[in-house]
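Residue numbers (our numbering): 1121 to 1497.
Backbone N, C-alpha and C define an ideal beta-carbon position, used for all residues, glycine too.
This report refers to the structure that appears directly beneath it.
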Ligand code: OGA
Ligand code: ZN
């Protein structure tokens, strides 16, 4: 059923609209003038009209619903008339949107996910050959923060075609792909045979990579099993059960610093362990025992901050929350690097070979592509 405008009337600095289904909206005059359909260039889709050049008192000289059903407004200044499509106004109605209850896109998970790894697995060729496959992968990444791509080729650099179905990768000084192998004189603990506690990569960037893809080429050594934990699920547990700790984690900036000996640069950033979105949903987790710097918060709060960090970090390694699994050659372990923490057990480099290739991608690329394919925006 197409929605139409039943009634309009002026109300202060806006227009009240009653819709054919009885719902009511208010549209502010400056908002309406700014969003006149003629405001945008048809090619660049950028706004050419400049709201800064009208007065703050702009208002309709005349308004009505015209014979096409459009809201027609003749403005008090600028010798301009706007014609608004009712369906556009309804879709962009901020009165109704602000009444809706926020629904999180995130499906939080705990250790039981390990019993159903099938639910987060997707065949490599399905992604390559169909948009449905690509959408399924993107939805897993967006909603669950984790996906296992199965049966990818195992030659070097062969993750590019499937990653490029989403978008371009994010470059860093570790290069793309980065080689996760045991090397002498490593500049990162991932390039050893040691175990890696659950961590995120590169928390010392202002904007750490949104997603990470670890492509398993060879996994023949003893050990080297993977772990992952949903940091949002742990944050949610704390929010519901240990409020003081949660408050400390969302309010105190911690310090992260890169100490890479190959770099002629000292990258450093302060950020809270948990950050929230405008809707109060989970935005980012920052956690890495290996690269948290000497903290510099106020002496009065240091004890509380350390206790909160200690509690959070231990929950991030708790078997109630984390899953453990083993990557097989041809797997691409794909995850939200600012939500999940990942780790591995130590491996014995004398018992066989182990080689992963890693790639990063910005979060905008995942969500933007999913929105495009599902025509969400
Ligand atoms: C990494 C990493 C995990 C692994 O390279 O960032 O965490 O299984 N690797 O080697
Ligand atoms: Zn890592």
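Residue i Cβ short of 7 Å to the ligand OGA heavy atom set
| i | result |
| --- | --- |
| residue 1279 | no |
| residue 1334 | yes |
| residue 1346 | yes |
| residue 1478 | yes |
| residue 1349 | no |
| residue 1451 | no |
| residue 1321 | yes |
| residue 1300 | yes |
As assigned by DSSP and simplified to three states, the class of residue i
| i | result |
| --- | --- |
| residue 1464 | strand |
| residue 1404 | strand |
| residue 1381 | coil |
| residue 1489 | helix |
| residue 1202 | strand |
| residue 1430 | helix |
| residue 1452 | strand |
| residue 1167 | strand |
| residue 1130 | strand |
| residue 1435 | helix |
| residue 1226 | coil |
In DSSP terms, what residue i is bridged to
| i | result |
| --- | --- |
| residue 1180 | 1195 |
| residue 1139 | 1125 |
| residue 1243 | 1270 |
| residue 1374 | 1391 |
| residue 1265 | In DSSP, residue 1265 forms no bridge with anything. |
| residue 1443 | 1348 |
| residue 1474 | 1339 |
| residue 1147 | 1135 |
| residue 1185 | 1191 |
| residue 1160 | 1167 |
| residue 1481 | 1331 |
| residue 1172 | According to DSSP, residue 1172 bridges with nothing at all. |
| residue 1396 | 1402 |
| residue 1412 | 1376 |
Residue i Cβ short of 7 Å to the ligand ZN heavy atom set
| i | result |
| --- | --- |
| residue 1316 | yes |
| residue 1310 | yes |
| residue 1378 | no |
| residue 1404 | no |
| residue 1245 | no |
| residue 1439 | no |
| residue 1462 | yes |
Cβ-Cβ distance between residue i and residue j below 8 Å
| i | j | result |
| --- | --- | --- |
| residue 1402 | residue 1441 | no |
| residue 1233 | residue 1443 | yes |
| residue 1194 | residue 1175 | no |
| residue 1376 | residue 1323 | yes |
| residue 1490 | residue 1255 | yes |
| residue 1476 | residue 1334 | yes |
| residue 1410 | residue 1262 | no |
| residue 1391 | residue 1369 | no |
| residue 1446 | residue 1347 | no |
| residue 1136 | residue 1123 | no |
| residue 1316 | residue 1463 | yes |
Q) What runs of the alpha helix (DSSP H), each 4 residues or longer, lie entirely inside the stretch 1289-1368? A) 1351-1361
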